[in-house]
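Residue 10 in my numbering sits at position 29 of the sequence shown, with consecutive numbering throughout. Ideal Cβ positions, reconstructed from N, Cα and C, are used throughout, including at glycine. These numbers were taken from a predicted model, which means no experiment stands behind them. Here's the structure we're looking at; comments come further down.
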Amino acid sequence: MYQVAIFANSLDHRLEEQVNQFLAKLEEANVVEVKLSCSGDSENPNYTVLVMYKE
């Protein structure tokens, strides 16, 4: 099992594009789960997109 994280300070179209590009690269892999989490506070949010996959 492998995992990759993409970090961002805002949820906007650029983050969505990054995630979509990354998932396109993983098309050959077996994606198990994609999680979005947020830490920090409303003024300084930190978003993490975690992609877990198997080769």
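query: Local Cβ density within 10 Å of V30, reported as buried at 16 or more and exposed below that; result: buried
query: Among L4, N25, L17, nearest to K35 - alpha-carbon criterion; result: L4
query: Whether N27 touches S20 by CB criterion (7 angstroms); result: yes
query: CA nearest to the CA of D22, picked from K6, S(-9), L(-4), V13; result: S(-9)
query: Close beta carbons around V13, own chain, < 8 angstroms, minus the five adjacent residues each side; result: M(-18), M33, Y34, K35
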